[in-house]
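Using UniProt numbering, the first residue of the sequence shown is number 1, and each one after it goes up by one.
In this text, a Cβ means the ideal position worked out from N, Cα and C, and glycines have one as well.
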Amino acid sequence: MSNLTKHAAKTLKSTQKTKNESMKKTASAIKPKFLKPSALAKAVAFALAVAPMAHATTAPTANTANSLVSIQASSASEAHLSITLEEPTRLLTVLDSAINENRVSHEIYWPSARIIANDRTIEIRELRANIFNQLAQLPNEIASPLREQINSWKLGYQPYGAINRYQARLDINHNPLLPAGNYTLVLPKRPDNVYLYGFTNTPGAQPFVAGTSVRHFMSQQSQNEALLPSANRGHVLLTRNDTHAKLPWAAHNAGGQQLLPGDILFVGLREASAGGLLPFGKLEGVLSAQDTAKLEDNIQALLRHVVPPVQTEQQSAQTVSAQPQHNWRALARPLQLHETNWEQQNQGSLEPFLTEHPRRLTFNNYGHIGLIQMPSARNAPAGEFALSYNDMKEYYRYTVSVQLYDWLQASAFYVRIPNRLYSNDPNFSGDSIYTDKGFDVKFRLFEETNYWPEVSVGLIDMAGTGVLSSEYIAASKAVGPFDFTLGIGFGRMGTADSISNPFCEVVNDFCTRNLDPNDFSGRGGQFEAGNWFRGDAALFAGVEYQTPIDNLRLKVEYESNDYSRDLAGVPIDPKTAFNFGLNWQLSNVIDLSLNYERGDVLTFGFNIRSNFNRMPTININPPKRDPVLADAGQEPRYPDIENVNWARLAQNIRAQRTYAYSEIYLSASESETAPEGEANALNKVTVYTHPSRLRDPQDRLDRTARVLLAELPESISEIEIVEQTSRQPLIAYSFNADDYRRRIANADPDVRPDEAWEYIERVEPTPRPKEPENPEEYVYTTPNTDDWALKYPEQKLTPSWGILPLFEQGYGSPETFMFFQLQANVFANLQVNRNFSLHSSVGVNIYNNYDKFNFTVDSLVNDVPRVRTYAREYMQADAWLSRLQANYYKALSSEWHAQLYGGYLERMFAGAGGEILYRPLNSPFAYGLDINRVRQRDFNGGFGFRDYEVTTGFASLYYDVGQHIPAMEGGLITLNAGQFLAGDKGVKVNLQRRFDSGVVIGAFAAFTNLSSEEFGEGSFNKGFFISIPFDLFSINASRSRVGFAWSPLTRDGGQMLHTRGSLWHQTDERSPYFNK
């Protein structure tokens, strides 16, 4: 269901609630009988009406019921059939009878076929009244035309959207059970029109031309001055069948979506204020951007229930036969373009994330979205990920970039300088060339509109050594196939000194910049905010052109760096500031670039890209259980509770790969109490279980619910699924069995079967009932009172083991560009009981190159304990004990969790510790505390120890910021304040983002009481990490994840203990983050 359709459901919620109650009563009529064809004469009465429908033109305060009554019209292009259902009937039965008696199937244009519930017109009136109230906030000259249009619309409540006889035959999801009542069935022929409404002078039917794009159609409306001054000239709302989308059509953002017959377009209010020049404020001072969006949402929800007017023969004759322009010469006239290559790159799809970013964005030499050397203001769709390599002769650049949000792009890079050695000491770095590393960010300040460019600000090498440090402000504006960029650069990007620093005119401190590369906080890694946007400034500009060849882009730029301050090891003397380049899209994931720069240099590069929000998952899972169709005479497997095979039920749940095991408790529902003197019926089933393979909780719950409803008798009215960790309740999912059964059977007109899971409630779990007298016995029975129906013996001494390949690496060291170790990790676990477990792992070296590692400490006078810089010493062992740990976990309550652990906790440290966590249900916040006493292990990886011993621990705060701030959806902030392994005190900040595919990417930084000199090169501990669901690489469902972490330099400050499994990860289902 689209977002706007969901919005409509919420808008009508209060009325539908009453309707849902009546649906429960209707269920009794569904259950006993299946309507055979012989009974249709009584159940279905069809009547063709001959009177055309009259237009309603009453004011909003007047009685407008005439426009909402049952439709009874017919024409050469439409057939409206009045239907009365005496009993609930499947849509397919109705369609078959209607077609057999009145129409020829191949003449029906199914995308426009509808069935209208005539008994629910009050819900349409309420939605329309809400829209009129919103329009009352606008000046009358703006609101009046729209009010008149809405009054003229033929409205009928259409609970099922588009209907289709052929789909209804194949899929129960397209064959709803219609409640008894009065309906109008619309089976039209293919219309010759599309329909335009909203802020236009020519509302109503418009001739349809095959092959016409939305942009072409709307451009013609604009050129003919059909759009009102208050009209939105950048987007139009499209309603097509059950699909709703906000489609871009202006010269800067148009996609290539083509119109289809019967489409409804709605021209909304223009964006922002001052004629669209400013990207903020109110429209005419009376309607905010947020209120405008709400108004459009309500209007599009109402459009879902519009029945297009009957076409006359005269209207049909007005169909235009001319085709839209398609010629390359039109590329020279971008303002008059209708449909060309730049549009067709996003042709056909109505998915919102595509329509908001119709252009394929390209990268510059530095792995940023941009031109050649210079950046642009462009930001990719959230989740865009790219690996880039660029050879610029004097620089070799490796970049990883990710679009964390629509407004934030972050990059990490290594740049190798072939004409400079890493150091002058051959004993330290040999002949390794100089390698620098750093981070870049880009923030979008303003989105592009018709008259306003996209504006972004960026920081390059913002925490590095100053070799590439730059800042910029850029503005980009697209016009047809051209994308223009103009910006101002500072630092390295300002060395051309072509313009005075505008900030210097306001604050004198911005007039100068520290240019000494040896004065960047001594060792790099610091945020040199005191230099940002200071000193010389220069303008840069460029244009990117989408050629008629779909895969080819051309670029021209004027760069603002004159290379006079570059530290490339050789002088760089550009002959010109103009650069020329081309970009070739080799495939959907690979781009190649070739550039001619500075008048004498040929550079090249490639980009490998993906999008974390759109990574497909191809898992082979068992088919879902079909719903039990009571109207077809079907019944659950077990007609009464006494005959249920509980073990088989648990086995069938496990076969769906949803839950590993299921223990079932049978009880009386608290919501249903028997009359006094009678025993309460056992009508509630509680399943105590543990998630198995499926990562998606929606799919997991729906599959399990379908199994339970297909097996359990109808006397079971309430079901609760309690998810556990170590057989200790964590979260419960509760739902009404009758309601869910009706919804998955497509017998609820207000809920589609694939949306039934949305009505499962997340609640605090029911505590595990009292265990049997002998918990080691197997329980399998149907009790007479509240008791276990299926209970497995207490699991003890349950082993598991395996072998995993591991690859550890580090980049950018003086001795070699990459250190690595390939190893095999043999692990074994033993679950002693529900609380106590043992975990062990042994590592075996296969190959590594850490023998080249020469680093000891940054300074001989540094007295910081060496807790992580003994990497070479630890890597020399051929085999080692990675972990031998005992763990005790206890759920003190559903909100409080605790664990104790001790042993050889990681490769470098052993000791003991404990952790406690408070995590309220569905809360964005969680609070933790841990404390550990550890000792450094011997280098050989055995059981011995070194002399160093320390206490380390942290108070932790976890904040799922996306629950409060929609612009940061998927964001998580973790703060750990306490003492680190080297005895330094401070706080570690962890920022991460979860994308729709389940991929999590983040960055961390630890700020402690160590000075930059004490810490050493890098100034503070920092790095990136990524966690990827394993099922993205496999056809089998899995809840496992694979991870990769990267830190530019490993030093001893700000280091934490690597314990096995924090409580926050173990209790993820309390407020899902990873498995959401």
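> Helix, strand or coil: how does DSSP classify Asn133 here?
Replying inline: helix
> Roughly how many angstroms separate the alpha carbons of Asp509 and Glu471, rounded to a whole number?
Replying inline: When rounded, the distance between both Cα atoms is 16 Å.
> Among the residues of its own chain, which have a CB less than 6 Å from the CB of Tyr422, if the five just before and after it don't count?
Replying inline: Ser429, Ser432, Tyr434 and Pro814
>> Bridge partners for Arg416 per DSSP, in chain order?
In response: Tyr396 and Thr435
> If we count the other Cβ atoms within 10 Å of its Cβ and call it buried at 16 or more, is Glu949 buried or exposed?
Replying inline: exposed
> With 16 other CB atoms within 10 Å as the buried threshold, where does His244 fall?
Replying inline: buried
>> If I measure Cβ to Cβ from Lys477 and keep anything under 6 Å in the same chain, skipping five residues before and after, which residues do I get?
In response: Answer for Lys477: Pro453 and Phe484, listed in chain order.
> Can you pull the DSSP bridge partners for Tyr904?
Replying inline: Leu884
> Under the rule that 16 or more other beta-carbon atoms within 10 Å means buried, what is Trp1064, buried or exposed?
Replying inline: buried
>> Would Arg190 and Tyr109 qualify as a contact pair, given that the criterion is a beta-carbon distance under 8 Å?
In response: yes
> Considering only residues of the segment 215-260, which uninterrupted alpha helix (DSSP H) runs meet the minimum length of 4 residues and lie entirely inside it, listed in chain order?
Replying inline: none
> What is the rounded straight-line gap between the Cα of Pro691 and the Cα of Pro426?
Replying inline: 56 Å
>> Are the CB atoms of Ala210 and Val267 within a distance shorter than 8 Å?
In response: no
>> Mapping the DSSP letters down to three states, classify Pro691 as helix, strand or coil.
In response: strand
>> Under 8 Å, with one C-beta from each stretch per pair, do the segment 241-256 and the segment 200-217 reach the 3-pair mark?
In response: By the C-beta criterion, the segment 241-256 is judged to be in contact with the segment 200-217, since at least 3 inter-stretch pairs fall below 8 Å.
> Who are the Cβ neighbours of Ala695 in its own chain at under 8 Å, not counting the five residues just before and after it?
Replying inline: Checking the displayed sequence, the identity of residue 695 turns out to be Arg instead of Ala. For Arg695, where only same-chain residues beyond five positions count, the Cβ hits under 8 Å are Gly998, Pro1029, Asp1031, Ala1037, Ser1038, Arg1039 and Asn1075.
>> Among Val707, Lys684, Asn424 and Leu701, whose alpha-carbon lies nearest the alpha-carbon of Ser717?
In response: Lys684
>> Using a 10 Å radius around the Cβ and a threshold of 16 neighbouring Cβ atoms, would you call Lys770 buried or exposed?
In response: exposed
> In terms of alpha-carbon separation, which member of Arg114, Asn784 and Arg420 lies closest to residue 1109?
Replying inline: Limits of the chain in this structure are 1 at one end and 1076 at the other, which puts residue 1109 out of reach.
> When the distance is taken between beta carbons, is Trp757 closer than 8 Å to Gln698?
Replying inline: Cβ atoms of Gln698 and Trp757: closer than 8 Å.
> So, helix, strand or coil for Ile721, using DSSP?
Replying inline: strand
>> Relative to the C-alpha of Phe199, which candidate in His252, Glu123 and Glu296 has its C-alpha closest?
In response: Glu296
> Would you say the segment 937-947 touches the segment 921-928, given that touching needs at least three Cβ pairs under 8 Å?
Replying inline: no
>> Beta-carbon within less than 7 Å of Gln656's beta-carbon, same chain only, minus the 5 sequence neighbours each way: which residues are those?
In response: Pro622, Arg703, Thr704 and Val707
> So is Val1042 buried or exposed if we call it buried at 16+ other beta carbons inside 10 Å?
Replying inline: exposed
> Assuming Phe490 and Arg534 make a contact with CB atoms under 8 Å, what is their CB distance in whole Å?
Replying inline: 7 Å
> Once you ignore the five residues that flank Ser1047 on each side, which residues in its own chain have a CB closer than 6 Å to its CB?
Replying inline: Within the same chain, Ser1047 has close Cβ partners Gly1023.
> Thinking just about the alpha-carbon of each residue, which of Ile150, Phe1044, His897 and Gly914 is nearest to the one in Arg125?
Replying inline: Ile150
> If you run the structure through DSSP and keep just helix, strand and coil, what is Ile108?
Replying inline: coil
> Tell me which same chain residues have a C-beta within less than 7 Å of the C-beta of Pro920, skipping the five on either side of it?
Replying inline: Glu895
> Does the separation of the CB atoms of Thr686 and Ser667 fall below 8 Å?
Replying inline: yes
> Where Leu701 and Pro783 are concerned, what is the direct C-alpha to C-alpha distance, given to the nearest angstrom?
Replying inline: 26 Å
> Considering only the beta carbon of each residue, do Gly234 and Asn450 sit closer than 8 Å?
Replying inline: yes
> Which of the three DSSP states, helix, strand or coil, is assigned to Ser470?
Replying inline: strand
>> Assuming contact is defined by CB atoms lying nearer than 8 Å, are Asn224 and Ala205 in contact in what I supplied?
In response: no
>> What residue range does the alpha helix (DSSP H) around Ser144 cover?
In response: Run containing Ser144: Asn140 to Ser152, per the alpha helix (DSSP H) assignment.
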